[in-house]
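Quick notes on the structure that follows.
Rendered as structure tokens:
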């Protein structure tokens with residue numbers, strides 16, 4: 001095993017097998033580590049104090065990944081752990097608050113960053129609500145963009161500003177930053193109401209049907225991603241797909257143009273975009289809203 005050490009944030013981070021192929025196009029673990037080191041100033045504020053689930057690809061895209069919630073025993077002492085109670089056990093999650101932890105995660109083959117929607121200060125109350133738009137077979141990304149605009153309008157009726165991003169795969173995520181005062185169950189019900197409202201507005205194009213076979217030709221509005229302990233690839237997370245796409249914040253005007261592609265941004269061009277426009281998801285960190293107007297109808 002090839003080993004080296006990098007000094008990051010004053011910590012010694014062990015790096016192994018940096019020449020290991022991760023993406024088939026020739027991108028290696030060294031590229032993965034370099035990406036997260038460089039994206040750290042933008043992704044870390046979004047990951048701050050959130051329990052993190054690792055989705056690891058230790059042998060690259062050619063092998064099966066696995067999810068890991070528990071911080072491994074061999075992790076360095078300087079990595080923050082936080083215990084969270086589940087029904088049958090306590091899980092010690094990693095808290096990724098610095099670049100050194102991010103680099104260590106990348107060295108573990110964690111291509112994707114999957115944090116909770118809540119922070120450890122109030123782990124039972126999310127500070128983000130989300131609607132995940134996923135095109136079923138027979139549906140297009142243009143359909144996803146069309147439905148996203150309806151979601152934006154619906155949320156605005158309840159005085160809620162929303163922030164879209166590519167999932168980095170085939171869909172779109174719409175984040176709604178909220179005050180961390182509602183339970184996961186309450187937030188899920190609120191987003192369910194919005195999702196079902198969109199289906200009523202455009203039943204030919206939108207669905208909340210959980211059975212995949214019955215979503216044919218429609219965009220699935222997944223409000224269940226608001227469940228306690230549910231995670232998804234966050235903004236600026238790489239995705240384990242050809243081309244190394246990145247889950248990228250978008251302007252609503254880009255959605256409205258109806259011509260953006262789901263894999264438009266990747267490890268190859270994300271930094272030129274950020275250099276030009278900065279972190280347009282900054283509002284997700286600062287614009288904490290209430291669900292009061294929406295909850296009155298539920």
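Residue numbers (this note's numbering): 1 to 298. C-beta: ideal position from N, C-alpha, C; glycine also.
Could you give the first and the last residue of the continuous alpha helix (DSSP H) run that contains residue 186? 184 to 201
Across which residues does DSSP place residue 124 in a beta bridge pair? None; residue 124 has no bridge partner.
Quick one: give me the first and last residue of the alpha helix (DSSP H) that residue 276 is part of. 270 to 277
Ignoring anything shorter than 3 residues, give me the beta strand (DSSP E) runs that lie fully in the stretch 1 to 62, in order along the chain. 3 to 8, 11 to 16 and 51 to 56
Range covered by the alpha helix (DSSP H) that runs through residue 151: 141 to 157
Classification of residue 126 by the beta-carbon crowding that lies within 10 angstroms, buried from 16 upward: buried
What does the Cβ neighbour count give for residue 114, buried or exposed, with the cut at 16 atoms within 10 Å? buried
Bridge partner(s) assigned by DSSP for residue 132: 173 and 222
So, for residue 181: in the same chain, excluding its five sequence neighbours on each side, which residues have a beta-carbon less than 7 Å away from its beta-carbon? 125
Measure the beta-carbon distance from residue 43 to residue 236 and round it to whole angstroms, keeping in mind my assumption that it falls under 8 Å. 4 Å
Give the secondary structure of residue 286 by DSSP, where H, G and I count as helix, E and B as strand, and everything else as coil. helix
Around the Cβ of residue 210, are there at least 16 other Cβ atoms within 10 angstroms (buried) or fewer (exposed)? exposed
Label residue 137 either buried or exposed according to how many other C-beta atoms from any shown protein chain fall within 10 Å of its C-beta, with 16 as the threshold for buried. exposed
Quick check: what's the CA-CA separation for residue 192 versus residue 157? 15 Å
Looking at C-beta atoms only, is the number of pairs between the stretch 203 to 220 and the stretch 260 to 270 that lie closer than 8 Å three or more? no
Give the C-beta separation of residue 246 and residue 168 to the nearest angstrom, bearing in mind that I take them to be a contact with Cβ-Cβ under 8 Å. 6 Å
Where does residue 248 fall in DSSP's three states? coil
Per DSSP, which one or two residues make a beta bridge with residue 74? In DSSP, residue 74 forms no bridge with anything.
Quick test of your reading: residue 178 and residue 128, contact by CB under 8 Å. State the CB separation rounded to the nearest angstrom. 7 Å
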